[in-house]
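S.K.:
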Amino acid sequence: MRLLPLLGAATLAIAMGGTAQAENVKIGVVLPFSGANADLGHQMDKAFDLYIKLHAKDIAPHTVTLIKRDEGPPTGAQAKTVATELITNDKVNLLAGFSFSPSAIALAPVVTQAKVPMVISNAGTAWITNLSPYIVRLSFSMWHPAFPMGAYAYNKVGCKTAAVAYTDFPPGKDSVEAFKTGFEKAGGKVTLSIPMGSPVQVPDFTPFLQRVKDAHPDCLYGFIPSGAHATGLMKAYGELGLRKAGIKLIGPMDLIPDNKLQDMGDAAIGTIVMGHYAVDLDNPQNKAFNAEWHKAYGADSYPDFMSAQAWDTMHAIFDAIKKLNGKMSDGAKVVEAMKGWSADGPRGHVMIDPATRDIVQDEHAMEVYRKPDGKLGERVLDTTKAVKDECKVLKIGRCGS
Amino acid sequence: MPQFANIAVSILFDGLAYAMFLFITAVGLSVTMGLMGFVNLAHGAFAMAGGFIVVSLTRSYGIDFIPSLIIASVTIGLVSVRFEKRLYRRLYKSTDLEQVLLTIGLAFMAIAAFTYFYGPIPKSVPLPHWLEGDVNLGFRRFPTYRAFLIGLGTVLIAILWFVFEKTNIGAKIRAAVDNRRMAESVGINVDRLFTLTFAVGSGLAALGGGLAIQLFGLTPSFAVLYLVLFLIVVAVGGLGSLKGTLLAALVIGIIDTGGKYAFPVAGNLFIYAITALVLLIKPTGFYGRE
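Chains as they are written, first to last, in this note's numbering: chain A, 196 to 596; chain B, 52 to 341.
(1) So, for leucine 278 (chain B): in the same chain, excluding its five sequence neighbours on each side, which residues have a beta-carbon less than 8 Å away from its beta-carbon?
(2) Can you pull the chain B neighbours of glutamate 434 (chain A), defined as C-beta to C-beta under 8 Å?
(3) For arginine 406 (chain A), which residues in chain B fall below 9 Å Cβ to Cβ?
(4) Looking at phenylalanine 97 (chain B): is its Cβ nearer than 8 Å to the Cβ of serine 292 (chain B)?
(5) Comparing alpha-carbon positions, which option in A:Asp548, A:Leu226, A:His544 lies nearest alanine 532 (chain A)?
(6) At a Cβ threshold of 8 Å, is proline 179 (chain B) touching chain A?
(7) Under the three-state reduction of DSSP, which class applies to methionine 546 (chain A): helix, strand or coil?
(8) Report the CB separation of isoleucine 104 (chain B) from leucine 207 (chain B) in whole angstroms; it is logged as a contact under 8 Å.
(9) Do you know offhand how far serine 119 (chain B)'s Cα is from isoleucine 264 (chain B)'s?
(10) Relative to chain A, which residues along the segment 158-176 of chain B have a C-beta separation below 8 Å, given in chain order?
(11) Quick one: which residues of the segment 244-277 of chain B get their C-beta closer than 8 Å to a C-beta of chain A? List them in chain order.
(12) Which partner residues of alanine 360 (chain A) appear in the DSSP bridge assignment?
(13) Does the CB of lysine 430 (chain A) have a neighbour CB from chain B at under 8 Å?
(14) Roughly how many whole angstroms lie between the Cα atoms of valine 311 (chain A) and tyrosine 329 (chain A)?
(15) Quick check on the DSSP output: the alpha helix (DSSP H) that includes isoleucine 75 (chain B) runs from which residue to which?
(16) Among residues of its own chain, excluding the 5 on either side of alanine 210 (chain A), which ones have a beta-carbon nearer than 6 Å to its beta-carbon?
(17) Taking all protein chains shown into account, do 16 or more other C-beta atoms lie within 10 angstroms of the C-beta of glycine 213 (chain A), making it buried, or fewer, making it exposed?
(18) Between which residues of its own chain and asparagine 350 (chain A) is the CB-CB distance below 8 Å, once the five residues before and five after are set aside?
(19) Rounded to a whole number of angstroms, what is the C-alpha to C-alpha distance between alanine 299 (chain A) and alanine 291 (chain A)?
(20) Below 8 Å between beta carbons: does that hold for valine 305 (chain A) and alanine 348 (chain A)?
(21) Give the secondary structure of histidine 257 (chain A) by DSSP, where H, G and I count as helix, E and B as strand, and everything else as coil.
(22) Could you give the first and the last residue of the continuous beta strand (DSSP E) run that contains lysine 275 (chain A)?
(23) Under three-state DSSP, which class holds glutamine 556 (chain A)?
(24) In this structure, how does DSSP classify phenylalanine 193 (chain B) when only helix, strand and coil are distinguished?
(25) For a cutoff of 8 Å on Cβ pairs, would you count phenylalanine 403 (chain A) as touching chain B?
(26) So which of A:His339, A:Gln308, A:Val588, A:Pro297 has the shortest CA-CA distance to threonine 283 (chain A)?
(27) Residues of chain A with a CB under 8 Å from the CB of asparagine 319 (chain B): which are they?
(28) Once you ignore the five residues that flank methionine 196 (chain A) on each side, which residues in its own chain have a CB closer than 7 Å to its CB?
(29) Under the three-state reduction of DSSP, which class applies to alanine 208 (chain A): helix, strand or coil?
(30) Can you give the Cα-Cα distance for lysine 375 (chain A) and phenylalanine 342 (chain A), rounded to whole angstroms?
(31) Taking only the alpha-carbon atoms, compute the straight-line gap between leucine 387 (chain A) and threonine 260 (chain A) and give it to the nearest angstrom.
(32) Taking the straight line between their C-alpha atoms, what separation do you get for glycine 295 (chain B) and leucine 589 (chain A)?
(33) Looking only at C-alpha atoms, which of A:Ala511, A:Asn454, A:Ser496, A:Asp557 sits nearest to alanine 581 (chain A)?
(34) Going along chain B, which residues have a C-beta under 7 Å from aspartate 568 (chain A)?
(35) When you compare the CB positions of lysine 430 (chain A) and isoleucine 467 (chain A), do they come within less than 8 Å of one another, or not?
(36) Where do the N-terminal and C-terminal ends of the beta strand (DSSP E) with isoleucine 114 (chain B) fall, by residue?
Structure (structure tokens):
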């Protein structure tokens, strides 16, 4: 009998300790750290680290631990293996990152079964968010930039005919489909469609662009994953003299990632892209973001749209930790906490659509030009506010299921 | 010019430029494999290193593109001799597997090291003005840089052909490729010959790496990404054969370009189809020893 009050006191102490106890949230980060696309991983990883460095105090007494794994090539196989290990061995509370759509597609059934939220900071195939109720996307859908680009290209850029050339994997097909839908709705005509091989092959685009040059459309809508292929495409475009031949280069912002723009040279000048981020974007959060980035990583290092997405990804995760007071073990509750999340980030105002768990953000038409200081920059020509994923709005193909 | 002829000229021109890049970069690999039977998977890493030397020289030291190319290939040629003497020589008598493990390991180490210093972002180089834009060759205009590549490739082929076919040293190399033991027994120092060809081959690879920057942009993963192509050229051409490597580079360069132009949906199918076909009919490649 003398034991009972003691036991009661002990239970109470444990319970009280529980409320005051600082939780450690384990986040499995899956990004490409090796191979031809390693720089994409670094662009996002740097943003994750920077956000945590500057905002760790916001979630005190709770803390986060990042467990980083290599996403591997854009095929999904390695990503699935490492993410499954993160869930089963490391018992992470949630997964973040994912550069490539095949990774997210391969993992969707795994996170559904494990009830672990997957917070996507890049992979952009439109219908990914439909694959699992545990997916939240902070980046974009291919339709975000590509669909409005269609009407903009026809009405403002002066493209009556266009060729489309794309990397032959899900996001490439998606981007081209979205552009075509918007472009033909506005009255334009796609005269040539060229798949340019897989994202893992060598970045030589000469034969494809030579064919575009010979077909002579008003514009070339290009899609490549924003790694080494972006530079390769721009090299071929400049080398073969397509701009001189009167063929304008348009596309999503993947064509001119901010961190590669300076190395693209004169060939890039005049390129018009639709996108949600550029280092030159004029808003106070972006100015602060760029200043902190340069302070942490040097004057020659630039963030890009992926870095901005990763920054917002960590921001949303931190806000969920605050909202749930560190109790991140119930995946469904974490996803619930992120629905309707909104904030001002480097991209401007962004929101998670509670119905689709996908991002809502502004899209800007931007043109590459030579700035007075000699560097290349992007200027905003036109802005569309609060763009949703039009693929899910129009219920096109797999976006309708 | 009629449309069809115009397209054919485009394909031929772009294919030739691509073939020259493949030949310059892969020829060293072919000769060293033919001479020593040594599998050097770090060949692409020498090319990549040469490319980055060009990047540093042009951008950080303001040296012109052409002198930078020369400095890069001489430097890599000399550095490769150190590798050959310190590391490769130990494994000449070893199995293929051990050679592959050593050299692919070197390639991965090179990628990691160059990523550490240069970062993974594709690099570009400033070109001299006379290499920019396009050039009028009488009947139509062509991109200058590619025309330069074809010209340079032709000159190099002529020099290599002359050395191989007309000089004493070329005769020794051919003899050693044909029958190493016989060559040694008539007093040819095959080891020294090998060091020489290894250095020249690596230097040419470095030149290829430097030339590739303007075509594709240069990243550290160049070392492995393009290795498959070089190995295909070597296998299709036949080990140790200058003629074979040239023919393979031309066939692969032109058919790949034409295939991608006419049937983009097929992607890389053409390269692999040619490789499979040639090796089925002639397992040793165009000019390989039976």
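In this text, a Cβ means the ideal position worked out from N, Cα and C, and glycines have one as well.
M.R.: For this structure:
(1) Leu92, His94, Gly95, Ala158
(2) Pro194, Tyr196, Arg197, Gln265, Leu266
(3) Ile58, Ser61, Lys311, Tyr312, Ala313, Pro315
(4) no
(5) A:Asp548
(6) no
(7) strand
(8) Contact flag wrong, Cβ pair sits at about 19 Å.
(9) 13 Å
(10) Thr166, Gly170, Pro171, Ile172, Pro173, Lys174, Ser175
(11) Gln265, Leu266, Phe267, Gly268, Thr270, Ser272, Leu276, Tyr277
(12) A:Ile389, A:Gly417
(13) yes
(14) 7 Å
(15) 54-87
(16) Confidence is the limiting factor: at alanine 210 (chain A) the pLDDT is only 49, short of 50, which leaves the residue's position unreliable, though a coordinate-based value still follows. Closer than 6 Å at the Cβ level, and outside the excluded window around alanine 210 (chain A), lies no residue.
(17) No answer about glycine 213 (chain A) holds up, because its pLDDT of 48 lies below 50 and its placement is not dependable.
(18) Ala381
(19) 10 Å
(20) no
(21) coil
(22) Here lysine 275 (chain A) belongs to no beta strand (DSSP E); instead the alpha helix (DSSP H) covers 272-283.
(23) strand
(24) strand
(25) yes
(26) A:Gln308
(27) Gly392, Ser393, Gln396
(28) Unreliable positioning characterises methionine 196 (chain A) in this predicted model, as indicated by a pLDDT of 46, which lies under 50. A coordinate reading is not provided.
(29) Because the pLDDT of alanine 208 (chain A) is 47, which lies under 50, any placement of that residue in the model is unreliable, and the number read from its coordinates should be weighed accordingly. If DSSP states are grouped into helix, strand and coil, alanine 208 (chain A) belongs with the helices.
(30) 8 Å
(31) 49 Å
(32) 56 Å
(33) A:Asp557
(34) Those within 7 Å of aspartate 568 (chain A) in chain B number zero; the least Cβ separation is about 17 Å.
(35) no
(36) No beta strand (DSSP E) holds isoleucine 114 (chain B); DSSP gives it neither H nor E.
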